[in-house]
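Here the structure comes first, spelled out in structure tokens, and everything after it is commentary.
2 protein chains.
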Amino acid sequence: MDLASARNLPATAHVVLGLVSIRPTAGHDLAGFSERSIGNFFPIARSQIYSELERLCRLGLLSVTEVAQERRPTKRVYEVTEAGEADLRLWLEDGEVPAERNRNLFLVRVFFADRISGQRLAALLDGYEANARARRDMLAAVVEKLADRPGSAFRRATAMFGVRHAQATLDWVSDVRLVLRDMSVCGVE
Amino acid sequence: MDLASARNLPATAHVVLGLVSIRPTAGHDLAGFSERSIGNFFPIARSQIYSELERLCRLGLLSVTEVAQERRPTKRVYEVTEAGEADLRLWLEDGEVPAERNRNLFLVRVFFADRISGQRLAALLDGYEANARARRDMLAAVVEKLADRPGSAFRRATAMFGVRHAQATLDWVSDVRLVLRDMSVCGVE
DNA sequence: TTTGACATGTAAGCCGTTACATGATTTA
DNA sequence: TAAATCATGTAACGGCTTACATGTCAAA
Numbered sequence: 004m005d006l007a008s009a010r011n012l013p014a015t016a017h018v019v020l021g022l023v024s025i026r027p028t029a030g031h032d033l034a035g036f037s038e039r040s041i042g043n044f045f046p047i048a049r050s051q052i053y054s055e056l057e058r059l060c061r062l063g064l065l066s067v068t069e070v071a072q073e074r075r076p077t078k079r080v081y082e083v084t085e086a087g088e089a090d091l092r093l094w095l096e097d098g099e100v101p102a103e104r105n106r107n108l109f110l111v112r113v114f115f116a117d118r119i120s121g122q123r124l125a126a127l128l129d130g131y132e133a134n135a136r137a138r139r140d141m142l143a144a145v146v147e148k149l150a151d152r153p154g155s156a157f158r159r160a161t162a163m164f165g166v167r168h169a170q171a172t173l174d175w176v177s178d179v180r181l182v183l184r185d186m187s188v189c190g191v192e
Numbered sequence: 004m005d006l007a008s009a010r011n012l013p014a015t016a017h018v019v020l021g022l023v024s025i026r027p028t029a030g031h032d033l034a035g036f037s038e039r040s041i042g043n044f045f046p047i048a049r050s051q052i053y054s055e056l057e058r059l060c061r062l063g064l065l066s067v068t069e070v071a072q073e074r075r076p077t078k079r080v081y082e083v084t085e086a087g088e089a090d091l092r093l094w095l096e097d098g099e100v101p102a103e104r105n106r107n108l109f110l111v112r113v114f115f116a117d118r119i120s121g122q123r124l125a126a127l128l129d130g131y132e133a134n135a136r137a138r139r140d141m142l143a144a145v146v147e148k149l150a151d152r153p154g155s156a157f158r159r160a161t162a163m164f165g166v167r168h169a170q171a172t173l174d175w176v177s178d179v180r181l182v183l184r185d186m187s188v189c190g191v192e
């Protein structure tokens, strides 16, 4: 295996490696598991999962076994190798966590909101709020489900992060609605 | 101009178009302005600004004039055309705002935190907290600076969004610290 | 009979990042 | 004399998304 190439792998590869390390998985199953677990803060496209699995295999970080099934297509089940475990540990322990600069196209509309009709702006706010509320409730349910379960404190924490941020969005929407009300009272527009 | 191609432009192109529409600008100046204004929720690389400007020009949404300067290199100053104004209005009014699924590599570490040493985890939390605190304070200063200034309510709102979310992060870090304390009290690890 | 779940991929293409390249002028 | 600011780009590369392609089996 080429150590240098493994160290330059994109984050997605390491995340896939980490997911497989939880338990041996085939591509299709992993796509589902990824979506249900880290999907809320690190979505990965199915096609990319397949290609990452193949690359990790090529680099010797994963091994693959074909598993025949009755009444189902044959699966290609991947498993972490020793080299893979080592690489994962290294990435988790020593890898740097770059500060991410996330994009938010909704805020771009707010930035240009003086060019947007009041009607449209109200609709945008409503949609954004509904989205945040649904997200908050969904994640709050996850948090509740994981409460008091011993091994899931960290996964619960990631869901709680989403709850806190969705709530922040909801609070902010209220702020903005107040600002809009003040503006219309003052006769602007 | 080709309407179909304009409608398929990536968001970044429209954002650049919007920034130029605020006032005619050259690439270098626009990079600075972008960084200082929308940079906090829609960062654009300098090189990309140059290429988007060129494309928008090619599509007839911008026009360009070379402006000679004393003691400075000549600038290529871009300006929105009528077609550009129309396209921008269309994008702001009718364009869809896709729900963005942001990545957060820090949360990935939390997800895999049972494989991380307590020392490392504490360091990660400290770093994340410091980052959020700095961000919150920086944006709070922006909010304050824009207070009571008439035309800047919406830009102020975008900064307030950042404040709310940075604060949510700080609150969450406190949550996680409590969880960690409970875990160590119970003798886990 | 047709929809949906299960299962694995390929191909194309653009977006976006990073690094490179150049040169004048001001300031320390 | 060196570094920082002003100014404009090019080149390369990889990541990620979208769409395409194929086939079985169960259930409605």
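Line by line, the protein sequences give chains A and B.
Numbering of the first sequence is given in this note's numbering, commencing with residue 4 and proceeding in unit increments.
Numbering of the second sequence is given in this note's numbering, commencing with residue 4 and proceeding in unit increments.
Positions of the beta carbon are idealized from the N, C-alpha and C atoms, including for glycine.
For residue i, three-class secondary structure by DSSP
| i | result |
| --- | --- |
| residue 100 of chain B | coil |
| residue 4 of chain A | Residue confidence for residue 4 of chain A is low, a pLDDT of 45 falling below 50, so the modelled location carries little weight and cannot support an answer. |
| residue 112 of chain B | helix |
| residue 37 of chain B | helix |
| residue 75 of chain B | strand |
| residue 178 of chain A | helix |
| residue 48 of chain B | coil |
| residue 120 of chain A | coil |
| residue 137 of chain A | helix |
| residue 65 of chain B | strand |
| residue 28 of chain B | strand |
Given residue i as reference, the closest of the options once Cα atoms are compared
| i | options | result |
| --- | --- | --- |
| residue 89 of chain B | A:124, A:175, A:15, A:118 | A:118 |
| residue 142 of chain B | B:154, B:162, B:135, B:120 | B:162 |
| residue 109 of chain B | B:79, B:124, B:140 | B:124 |
| residue 134 of chain A | A:102, A:72, A:165 | A:165 |
| residue 167 of chain A | A:179, A:138, A:188, A:149 | A:138 |
| residue 158 of chain B | B:70, B:41, B:170 | B:41 |
| residue 17 of chain B | B:39, B:51, B:35, B:179 | B:51 |
| residue 181 of chain B | B:13, B:150, B:30, B:128 | B:128 |
| residue 126 of chain A | B:131, B:149, B:146, B:100 | B:100 |
| residue 31 of chain B | B:146, B:55, B:103, B:44 | B:55 |
| residue 66 of chain B | B:27, B:112, B:169, B:13 | B:27 |
| residue 80 of chain A | A:188, A:29, A:186 | A:29 |
| residue 179 of chain B | B:82, B:140, B:116, B:61 | B:116 |
| residue 184 of chain B | B:121, B:39, B:15 | B:121 |
Beta-carbon gap between residue i and residue j smaller than 9 Å
| i | j | result |
| --- | --- | --- |
| residue 21 of chain A | residue 95 of chain A | yes |
| residue 136 of chain A | residue 91 of chain A | no |
| residue 64 of chain A | residue 87 of chain A | yes |
| residue 106 of chain B | residue 105 of chain A | yes |
| residue 59 of chain B | residue 19 of chain B | yes |
| residue 44 of chain B | residue 111 of chain A | yes |
| residue 34 of chain A | residue 47 of chain A | yes |
| residue 186 of chain A | residue 156 of chain B | yes |
| residue 176 of chain A | residue 131 of chain A | yes |
| residue 23 of chain B | residue 83 of chain B | yes |
Neighbouring residues, chain B, relative to residue i (Cβ below 8 Å)
| i | result |
| --- | --- |
| residue 108 of chain A | 14, 45, 100, 101, 103 |
| residue 119 of chain A | 95, 96 |
| residue 92 of chain A | 118 |
Listed by chain order, chain A residues near residue i by CB distance under 8 Å
| i | result |
| --- | --- |
| residue 36 of chain B | Under the 8 Å cutoff, chain A gives no residues; its nearest Cβ is about 12 Å from residue 36 of chain B. |
| residue 75 of chain B | Here the premise fails: no neighbours, minimum Cβ distance about 29 Å. |
| residue 186 of chain B | 156 |
| residue 170 of chain B | 171 |
| residue 136 of chain B | In chain order: nothing, as chain A lies at least about 13 Å away. |
Chain A residues whose Cβ lies nearer than 9 Å to that of residue i
| i | result |
| --- | --- |
| residue 21 of chain B | 111, 114, 115, 118 |
Listed by chain order, chain B residues near residue i by CB distance under 7 Å
| i | result |
| --- | --- |
| residue 163 of chain A | 175, 178 |
Per-residue contacts from residue i into chain B (C-beta, under 9 Å)
| i | result |
| --- | --- |
| residue 51 of chain A | Chain B residues near residue 51 of chain A: none, gap ~13 Å exceeds 9 Å. |
| residue 160 of chain A | 110, 113, 114, 116, 175, 178, 179, 182 |
| residue 128 of chain A | Neighbours of residue 128 of chain A on chain B: none; closest Cβ ~11 Å, over 9 Å. |
Listed by chain order, chain A residues near residue i by CB distance under 7 Å
| i | result |
| --- | --- |
| residue 123 of chain B | 96 |
| residue 139 of chain B | The premise fails here: residue 139 of chain B is roughly 11 Å from chain A at the closest Cβ pair, so nothing lies under 7 Å. |
| residue 18 of chain B | 111 |
| residue 167 of chain B | 171, 174, 175 |
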